[in-house]
Amino acid sequence: MADSGSGSLTSSSATGSWLTRMSPRAFELLCIVMLGFGHLCIMTGCDSQAFILESVIHSIHEREPGRINSHAGYYGQATCYLAFVITCLVSPSFLYATSAKTTLFIASVCFTSFPLGFLYTNQYYYFFSAALNGVGFALYYTGNGGYLTSHSTRKTIESNVSISWAIGSSCMIVGAGIIALITYFTAGAGASSDAASLAMDIANATVNATENSTSQHFERRFSNTEIYLLFSVFAAISFIGNVTFLLMPSSDIDNCIESSKKIVAFRDGISLMYRAFRSPKMIILIPTFVLTGVHTSFWVSIYPTTLTFNSHLASMIYLPAIYSLGVGLGETIMGLLISFCSKRIKNFGMRPTMFIGCFLTCLYCALIVVSTPPTAPQAPTSEKPLWFQPTRTLVFIIALIGGMSDCCLCSVRSVICALAMPTRRDQAFSVSKFYQSIGTCVIFFISPFLNIYYYTIGIPILCVIASFCFFFETRRIKRMEKSLTNMELDQQQQRKKSSKYETLDEEF
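With full-length UniProt numbering, the residue at position 467 of the sequence shown is 467, and numbering never jumps.
In structure tokens form, the structure reads like this:
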């Protein structure tokens, strides 16, 4: 592996490129930072639009019922993840046929196609672009895993994963600024907005005064202008991601975990994928992968939808921006914390991070269940929550915890895939995303029929199951690494003895 990486950099040095004047670690960090920035650009639109997608679709349906289904937001994301599931089966073979850099670029183009459809919403293009988005997801995460392993060593993989994820997760902070700014100019400024807010307050007061009447709801709605501006900006930023992936360095680093110079036939790639699915190492981790998928569907779309479907919060038009900001800060803070601790505590990116992630996920669910109306994920409602209505501060805290927990779960998934199957890492990444996307897809398909209790009780139970399975696999990896270390020490001792005997032989 080291030889191929060294050869790549040596050949580059002949060209006199400024990249060759960088230290190995600086070059490695440049690659990881560009990967993270590209992730930030394409996910700014993808994640931020997911927060409001069901609400946006519902607003369009209310104005033009024949244009699109009222629950197309959930069903579109289910279609996306269904395409994700199917593409995961062949994405490693696609990576072998091209390269990590090419795979990332093509994936980013797929992401850009989705927000463009909202310039003129059409149900057929919407579901087609949602499926294309799913193809982009599968290709992106396969390419991401391949690029990470060819630009990381065993010592830096945990740190690099966290750095890349922390930079990429800043997309939610950027998305929060975009949503807040466009909301201010289209729905939050001017006398007309003040009048609208006053009318909404009167409507909410009427709803509160008539507890028995639930036939009318005054939920937050998005205007056509607001939708056009939001998705135009998302598409433009995604295009910057296209350019970033096109300009990324492709040369491997020295001593990389896995070289990008692979020559594998498409049929052999499918065979490797099949064997990865059958591997006990992957089977034991299925609950961990499914947890990541179910948790993703909940924090990305289902809970944010409850904030706009809750009629008592209709006047709080900046809640989507507040939520996006909180998630982005949570992801970034936890990513930097994991990176910092991984340099000082051995294997911090495995068991400790998994435990922190599951604890924060349970806390996240507990805060949501006491402050969210039970039917808010399904349709606009004027029901009261179990204990109290969410405030802006509480929504920000919930988002912060949700972002931190997601960063933990995604980090441990990336690390465990890189270490569990050293000879089939690309397949391991794809298997993990396959099961993750199955969990997400199923949840989105049935979400119109589930109230908040299904999520806030089911996810903590899945956390417990996933933790036991994850800890079992990490124990096996530790034993394997210890055995390999002992073998290397034995070989070194044998070489020393052999050298000593040769010296004695020469003396006598």
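Ideal Cβ positions, reconstructed from N, Cα and C, are used throughout, including at glycine.
Beta-ladder partner(s) of residue i, from DSSP
{"i": "Asn-224", "result": "Asn-224 pairs with nothing; no bridge assigned."}
{"i": "Thr-381", "result": "Asn-310"}
Residue i, buried or exposed, once every other Cβ within 10 Å from all chains shown has been counted against 16
{"i": "Thr-156", "result": "buried"}
{"i": "Pro-24", "result": "exposed"}
{"i": "Thr-393", "result": "exposed"}
{"i": "Arg-476", "result": "exposed"}
{"i": "Val-464", "result": "exposed"}
{"i": "Glu-506", "result": "Because Glu-506 sits at a pLDDT of 49, beneath the cut-off of 50, its placement in the model cannot be relied upon, and the following sentence gives the value as read from the coordinates. With fewer than 16 other Cβ atoms within 10 Å, it is exposed."}
{"i": "Asn-208", "result": "Its pLDDT being 42, under 50, Asn-208 is placed unreliably in this model, and the coordinates cannot settle the point."}
{"i": "Tyr-75", "result": "buried"}
{"i": "Lys-346", "result": "exposed"}
{"i": "Arg-275", "result": "exposed"}
{"i": "Asn-144", "result": "buried"}
{"i": "Pro-320", "result": "buried"}
{"i": "Gly-66", "result": "exposed"}
{"i": "Trp-165", "result": "buried"}
{"i": "Asp-160", "result": "In the sequence under discussion, the amino acid at residue 160 is Asn, which differs from the Asp named in the question. Buried, since its Cβ has 16 or more Cβ neighbours within 10 Å."}
{"i": "Leu-386", "result": "exposed"}
{"i": "Ser-108", "result": "buried"}
{"i": "Phe-468", "result": "exposed"}
{"i": "Ala-26", "result": "exposed"}
{"i": "Thr-225", "result": "exposed"}
{"i": "Ser-223", "result": "exposed"}
{"i": "Ile-459", "result": "buried"}
{"i": "Arg-278", "result": "exposed"}
Continuous alpha helix (DSSP H) stretch holding residue i: start and end
{"i": "Glu-62", "result": "24-63"}
{"i": "Gln-123", "result": "123-150"}
{"i": "Leu-82", "result": "72-88"}
{"i": "Met-334", "result": "319-344"}
{"i": "Pro-280", "result": "280-283"}
{"i": "Phe-289", "result": "286-297"}
{"i": "Leu-363", "result": "351-371"}
{"i": "Pro-92", "result": "91-97"}
{"i": "Val-109", "result": "100-116"}
{"i": "Ala-376", "result": "Premise fails: Ala-376 is in no alpha helix (DSSP H) and is neither H nor E."}
{"i": "Phe-396", "result": "392-420"}
{"i": "Met-316", "result": "Segment: none, Met-316 is in no alpha helix (DSSP H) and carries neither H nor E."}
{"i": "Val-174", "result": "171-183"}
Contact belief for residue i with residue j at Cβ below 8 Å, rounded distance in angstroms
{"i": "Thr-381", "j": "Phe-309", "result": "6 Å"}
{"i": "Tyr-435", "j": "Val-243", "result": "With 8 Å as the limit, Tyr-435 and Val-243 do not qualify as a contact, their Cβ atoms being about 32 Å apart."}
{"i": "Gly-146", "j": "Leu-95", "result": "5 Å"}
{"i": "Asn-133", "j": "Cys-171", "result": "No, Asn-133 and Cys-171 are not in contact; Cβ-Cβ is about 15 Å, not under 8 Å."}
{"i": "Thr-456", "j": "Glu-54", "result": "No, Thr-456 and Glu-54 are not in contact; Cβ-Cβ is about 18 Å, not under 8 Å."}
{"i": "Ser-324", "j": "Ile-179", "result": "6 Å"}
{"i": "Thr-375", "j": "Asn-451", "result": "5 Å"}
{"i": "Val-294", "j": "Leu-462", "result": "6 Å"}
{"i": "Cys-408", "j": "Thr-372", "result": "At roughly 23 Å, the Cβ-Cβ gap does not stay under 8 Å, so Cys-408 and Thr-372 are not in contact."}
{"i": "residue 569", "j": "Gly-175", "result": "Any property of residue 569 remains undetermined from this structure, which presents the chain solely from 1 to 508."}
{"i": "Gly-73", "j": "Val-85", "result": "About 19 Å separates the two Cβ atoms, so there is no contact after all."}
{"i": "Val-412", "j": "Gly-335", "result": "Actually they are not in contact, since the Cβ atoms of Val-412 and Gly-335 sit about 12 Å apart, beyond 8 Å."}
{"i": "Thr-474", "j": "Arg-344", "result": "Incorrect: roughly 19 Å between the Cβ atoms, too far for contact."}
{"i": "Tyr-303", "j": "Val-369", "result": "Going by Cβ atoms, the distance from Tyr-303 to Val-369 rounds to 11 Å, so no, they are not a contact pair."}
{"i": "Phe-245", "j": "Lys-101", "result": "7 Å"}
{"i": "residue 522", "j": "Thr-121", "result": "Residue numbering for the chain in the displayed model covers 1 to 508; residue 522 lies beyond these limits and cannot be assessed."}
{"i": "residue 509", "j": "Ser-48", "result": "The displayed coordinates of the chain run from 1 to 508. Any statement about residue 509 would go beyond what the structure contains."}
{"i": "Phe-111", "j": "Gly-136", "result": "5 Å"}
{"i": "Ile-163", "j": "Ile-32", "result": "6 Å"}
is_contact[residue i, chain B] using C-beta, thresh 8 Å
{"i": "Phe-127", "result": "The chain labelled as chain B is not found in the depicted structure, where only one protein chain is given."}
Check: Which runs of the alpha helix (DSSP H), 4 residues or longer, sit entirely within the segment 431-484?
Finding: The segment 431-484 is shown to contain no whole alpha helix (DSSP H) run of 4 or more residues.
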